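With the numbering used here as the guide, the letters of the sequence shown map in order to residues 525 to 822. Using N, Cα and C, we set each Cβ at its ideal position, and we do this for glycine too. Quantities reported herein were computed from a predicted structural model and do not represent experimental measurements. Structure record follows, encoded as structure tokens.
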Amino acid sequence: MNRRYFLQNSALTFGALTLAQQKIFSSMLEDPWKIQMLRNDIGIFTEKGGTIAFLLSKKGIVVVDAEFPEQSKHLIDELKKRSEKPFKLLINTHHHLDHTSGNISFKGIVDHVLGHENSLKNQKNVAVANKTEDKQLYPDQTFTDTHHYKIGKEKISLYYHGPGHTDGDAIIHFENANIVHMGDLVFNRRHPFIDRSAGASIKNWIMVLNKASNHFNSDTIFVFGHAQDGYEVTGKPDDLKQFGDYLEQVLQFVESEIKAGKTKDEVVKTTVLPFKTEWKGDGLNRPLQAAYEELMAK
Ligand SMILES: [Zn+2]
Ligand SMILES: [Zn+2]
């Protein structure tokens, strides 16, 4: 069963259980974190929110993304058990809350926070709108096109290829280990969130995925922000290609629906895509609505 569906609906039936059953149930519902080393001294942490990557080098620790405040505290505790080195750098793939609201746990313990200049702009806009500025730790370093950072034996390169999931998505390459954090530029086998309020572009997103799958190679391990239940948050260049194909087909489908005179409401209500795809689960309305709005905005 779909986990999210299960969680939503289990809340409704919770009252029908005995106390003992409720206890067992509660422990099942907890989301324990998972840590997995990928290659060299680089690993990933997953609990709730966008996948975190970390580097435990002899010169210090680098973290990519921070999930939520509670999760980043778990992460920091776990990393401290594995390394006595200082936290040198926290990188944000983009501004969304499930990637940056945990930044605050690094306040006073990390030397620098780095993100694309638009990620900082977006994080500020959202925090001002939500009146949560005091809960933010903003990047004190930003970049526009590329950025390079060397630590111990590892060289980290950041790339920006224009709007995709937002207008501030960084691609982060650990060159020596050949591991790339794609942030939310890849939703593995799961319908993506496309943040038009933060300048997303499906058309350009497809190009960004093309560039990334050409730039890196078959040895590269890609880390994805999110994955469908039962799928990995890591993958290969082919996963990028397939996600690009999915986005392309969503755009083509919506374009044909618009030509056929369908309204936005009709398009968004589509439940089955008329092409073969491994992308599934809930939230199909999100890419459909974003595609409709993007195509009509021309
Ligand atoms: Zn995310
Ligand atoms: Zn996101």
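Taking 7 angstroms as the cut-off, does the CB of G749 come closer than this to any heavy atom belonging to ligand 1?
Yes.
Rounded C-beta distance between L638 and I615? I'm assuming under 8 angstroms.
5 angstroms
Assess contact between the stretch 666-676 and the stretch 711-731, defined as three or more Cβ pairs (one per stretch) separated by less than 8 angstroms. Is contact present?
no
Candidates G807, P811, T794, K783, of which the one nearest G768 by Cα
P811
Comparing alpha-carbon positions, which option in E781, A590, D743 lies nearest G707?
Ranking the options by Cα distance to G707, first place goes to A590.
Quick check on M820: does DSSP put it in helix, strand or coil?
helix
Where M561 falls: helix, strand or coil (DSSP):
strand
Leaving out five residues before and five after L819 in sequence, what residues of the same chain have Cβ atoms less than 8 angstroms from its Cβ?
Residues of the same chain with a CB within less than 8 angstroms of the CB of L819, apart from the 5 flanking positions on each side, are L775, V778, E779, I782 in chain order.
Inside the stretch 561-605 only - beta strand (DSSP E) runs reaching at least 3 residues:
Here the runs fully enclosed are 566-570, 576-581, 584-588.
Between which residues of its own chain and Q752 is the CB-CB distance below 7 angstroms, once the five residues before and five after are set aside?
Only residues of its own chain outside the window of five on either side were considered, and among them N712, R713, R714, K804, G805 have a CB closer than 7 angstroms to the CB of Q752, listed in chain order.
Please report the straight-line C-alpha distance between N700 and K677, rounded to a whole angstrom.
7 angstroms
Are the beta-carbon atoms of V747 and H689 separated by less than 8 angstroms?
no
What does the Cβ neighbour count give for I633, buried or exposed, with the cut at 16 atoms within 10 Å?
exposed
Closest by C-alpha distance to V668, when choosing among F799, A815, P687, N627:
Correcting the residue identity first, residue 668 is Thr in this sequence and not Val. Out of F799, A815, P687, N627, P687 has the C-alpha closest to the C-alpha of T668.
Tell me which same chain residues have a C-beta within less than 6 angstroms of the C-beta of P610, skipping the five on either side of it?
G584
Give the straight-line distance between the Cα atoms of G574 and L709, rounded to the nearest whole angstrom.
The alpha-carbon of G574 is positioned some 11 angstroms away from that of L709.
What are the uninterrupted segments assigned as alpha helix (DSSP H) that are 4 or more residues long and contained completely in the stretch 598-646, given in chain order?
621-624
For T758, I'd like the list of residues in its chain whose CB is within less than 6 angstroms of its CB, leaving aside the five on either flank, ordered along the chain.
I745, V747
Roughly how many whole angstroms lie between the Cα atoms of Y755 and L562?
16 angstroms
Give every residue of the same chain whose Cβ lies closer than 6 angstroms to the Cβ of G807, excluding the five residues on either side of it in the sequence, and list them in chain order.
Excluding the 5 residues flanking it on each side, G807 has same chain C-beta neighbours closer than 6 angstroms at H715, in chain order.
Beta-bridge partners of F698, as assigned by DSSP:
I680, I703
Taking just the CA atoms, how far does V791 sit from A784?
Distance between the alpha carbons of A784 and V791 is about 11 angstroms.
Limits of the alpha helix (DSSP H) - the one that Y770 falls within
For Y770, the enclosing alpha helix (DSSP H) begins and ends at 761-783.
What I want to know is whether the C-beta of H623 ends up closer than 7 angstroms to one or more non-hydrogen atoms of ligand 1.
yes
G692 beta carbon less than 8 angstroms from that of S643
yes
Could you tell me the alpha carbon to alpha carbon distance between K788 and E802, rounded to whole angstroms?
24 angstroms
Looking only at DSSP bridge pairs, what is Q665 linked to?
L638
Here's the rule I'm using: 16 or more other beta-carbon atoms within 10 Å means buried, otherwise exposed. How should N741 be labelled?
exposed
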